[in-house]
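For reference, the structure is listed below as structure tokens.
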Amino acid sequence: MKIGVVGCGNISGIYLRNIGGVFHNIEIAGVCDLIREKAETQAAAYGGLRIYRDMYEIFDDPDVDIVLNITRPNDHYGVTKEALLHGKHVYSEKPLATTFEDGRELFELARAKGLTLGGAPDTFMGAGIQTVRKLIDDGEIGFIVGASAHMLGRGPEGWHPDPEFFYKKGGGPMLDMGPYYVTCLVNLLGRATDVTSFGRISFPERVIGSEPHRGEKIEVEVETFSTGAIRFASGAVASLTVSFDTYANQPSYIEIFGEKGTVLVPDPNCFDGVVRLFKPGQGWTDVPLVPGFTQNSRALGLSEMASAMEEGRLHRANSMQQLHVLEIMTAFSKSSYANAPVRITSPFERQPAVDPDRICGQY
Ligand SMILES: NC(=O)c1ccc[n+]([C@@H]2O[C@H](COP(=O)([O-])OP(=O)(O)OC[C@H]3O[C@@H](n4cnc5c(N)ncnc54)[C@H](O)[C@@H]3O)[C@@H](O)[C@H]2O)c1
Numbered sequence: 035m036k037i038g039v040v041g042c043g044n045i046s047g048i049y050l051r052n053i054g055g056v057f058h059n060i061e062i063a064g065v066c067d068l069i070r071e072k073a074e075t076q077a078a079a080y081g082g083l084r085i086y087r088d089m090y091e092i093f094d095d096p097d098v099d100i101v102l103n104i105t106r107p108n109d110h111y112g113v114t115k116e117a118l119l120h121g122k123h124v125y126s127e128k129p130l131a132t133t134f135e136d137g138r139e140l141f142e143l144a145r146a147k148g149l150t151l152g153g154a155p156d157t158f159m160g161a162g163i164q165t166v167r168k169l170i171d172d173g174e175i176g177f178i179v180g181a182s183a184h185m186l187g188r189g190p191e192g193w194h195p196d197p198e199f200f201y202k203k204g205g206g207p208m209l210d211m212g213p214y215y216v217t218c219l220v221n222l223l224g225r226a227t228d229v230t231s232f233g234r235i236s237f238p239e240r241v242i243g244s245e246p247h248r249g250e251k252i253e254v255e256v257e258t259f260s261t262g263a264i265r266f267a268s269g270a271v272a273s274l275t276v277s278f279d280t281y282a283n284q285p286s287y288i289e290i291f292g293e294k295g296t297v298l299v300p301d302p303n304c305f306d307g308v309v310r311l312f313k314p315g316q317g318w319t320d321v322p323l324v325p326g327f328t329q330n331s332r333a334l335g336l337s338e339m340a341s342a343m344e345e346g347r348l349h350r351a352n353s354m355q356q357l358h359v360l361e362i363m364t365a366f367s368k369s370s371y372a373n374a375p376v377r378i379t380s381p382f383e384r385q386p387a388v389d390p391d392r393i394c395g396q397y
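Just so you know, we're using the numbering used here here: the sequence shown kicks off at 35 and counts up by one.
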């Protein structure tokens, strides 16, 4: 299937490399960017790709099967909505949108028009998290009691060339990094039913430490330290803390506590990593990864979506999952501001584990 790419920023390189390079059932039709030079740079770097005037030229091209929306979070809703209205299937970077209401509108629009919608993250489809998935599905740790997850850092303004959006509405650590963690949790633990959380803005003003905006100040609009709990339909309870306000922490990402043992889940922002299992009487052991994708395989979810469309089945990185994850993430700040638990209403069903031999790509 042919992919029309909207956005030629930081993340575009890995998609342009992997589409057609690693994954053989998808190829690039062409690219566009609001800043023409960015499109020109990427088009030249990846083999002389076609440059579209703007996203509407992509939407009007009958050769384009799927629009890849790799703009910034605040632009996802507008670009995805226009693409759907023009009758295109869409795969979007995370998050689906920046409010649950906007995400639900996109989900319903795609459904009403009979179009396929999906998107990042697809790291949960990599060998690291799929290994944990197999341990859980095989009953290695029995039923899941709960989980603990955290993504802690000091924020991106020290290195990112244009970091303001991370601190404005639609930004913050939850919408930026939360998709990796919450997507991983729902893939392992299933549908969530409730969220309760507290958050704060520890530093109302941030100073940019990177060029070209060094020294400029950012007024913070979103919670930058947020800690809460997610309850799952299974009865399991997970704690999740995300932060742009903290310095050092120990590098443990997600721990799953089961009836018969504990599993350490690797970094959900990566496709590989180390999986460790604790069983009483046996202590900690490293678990060999299942066969699968271990490199930076962004576009894995897009490739699998293209296969699923051809086979007439639901894909893994689907919009039901994206919407459920968005509802959980936005419930954190809703709960914090309302000082009350928030009920999660969107449906969610875990899709089968990934069979890497059925993906049209090399792992
Ligand atoms: N940068 C990373 O390391 C990284 C990693 C994983 C995921 N992501 C996600 O990827 C997405 C993009 O991030 P990025 O860092 O590449 O951002 P970026 O700002 O570097 O690039 C986004 C590009 O989209 C273009 N754009 C916006 N609206 C457009 C439109 N209507 N038509 C054409 N072009 C348009 C912008 O001009 C810009 O060049 C975000 O959702 C982010 O969360 C980024």
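By construction, the Cβ of each residue, glycine as well, lies at the ideal position given by its N, Cα and C atoms.
Can we count residue i as close to ligand 2, meaning its CB is less than 8 Å from some heavy atom?
i	result
residue 154	As presented, the structure is devoid of ligand 2, carrying ligand 1 as its sole ligands.
For residue i, which of helix, strand or coil comes out of DSSP?
i	result
residue 224	coil
residue 203	coil
residue 75	helix
residue 114	helix
residue 122	coil
residue 132	coil
residue 81	coil
residue 181	strand
residue 279	coil
residue 139	helix
residue 170	helix
residue 295	strand
residue 350	coil
residue 150	coil
residue 383	coil
residue 391	helix
residue 237	coil
residue 158	helix
residue 267	coil
residue 39	strand
residue 230	strand
residue 188	coil
residue 274	strand
residue 212	helix
residue 70	helix
residue 145	helix
residue 261	strand
Using C-beta distances below 6 Å, list every residue in its chain close to residue i, excluding the 5 sequence neighbours before and after it, in chain order.
i	result
residue 77	65, 83, 85
residue 230	262, 263, 369, 375
residue 328	161, 305, 306
residue 225	267, 382
residue 155	128, 213, 214, 217
residue 397	326, 327, 390
residue 293	176, 177
residue 39	65, 102
residue 252	198, 201, 240
residue 111	131, 136
How far does the beta strand (DSSP E) with residue i in it extend, from its first residue to its last?
i	result
residue 63	61-66
residue 92	No beta strand (DSSP E) holds residue 92; the alpha helix (DSSP H) holding it covers 89-93.
residue 102	100-103
residue 315	Taken as a continuous stretch (DSSP letters only), residue 315 belongs to no beta strand (DSSP E), as it is neither H nor E.
In chain order, what residues of the same chain lie with their CB nearer than 8 Å to the CB of residue i, ignoring the 5 residues before and after it?
i	result
residue 45	104, 127, 332
residue 377	227, 228
residue 245	195
residue 236	258, 259, 279
residue 115	139, 140, 143
residue 118	124, 140, 143, 144, 147, 149, 151
Among residues of its own chain, excluding the 5 on either side of residue i, which ones have a beta-carbon nearer than 7 Å to its beta-carbon?
i	result
residue 223	178, 181, 266, 268, 270, 272
residue 248	242
residue 210	200
residue 339	125, 150, 152, 349, 351
residue 308	300, 320
residue 324	161, 164, 165, 168
residue 284	none
residue 341	59, 394
residue 330	48, 305
Please list the terminal residues of the continuous alpha helix (DSSP H) segment that includes residue i.
i	result
residue 410	Nothing can be reported for residue 410: it is not among the residues displayed for the chain, which extend from 35 to 397.
residue 289	Note, residue 289: premise wrong, no alpha helix (DSSP H); beta strand (DSSP E) at 288-292.
residue 47	46-52
residue 253	Where residue 253 is concerned, there is no enclosing alpha helix (DSSP H), although the beta strand (DSSP E) it sits in stretches over 251-253.
residue 335	334-345
My understanding is that residue i touches residue j, with C-beta atoms under 8 Å, so please give their C-beta distance in whole angstroms.
i	j	result
residue 335	residue 350	6 Å
residue 233	residue 366	7 Å
residue 62	residue 54	6 Å
residue 93	residue 122	6 Å
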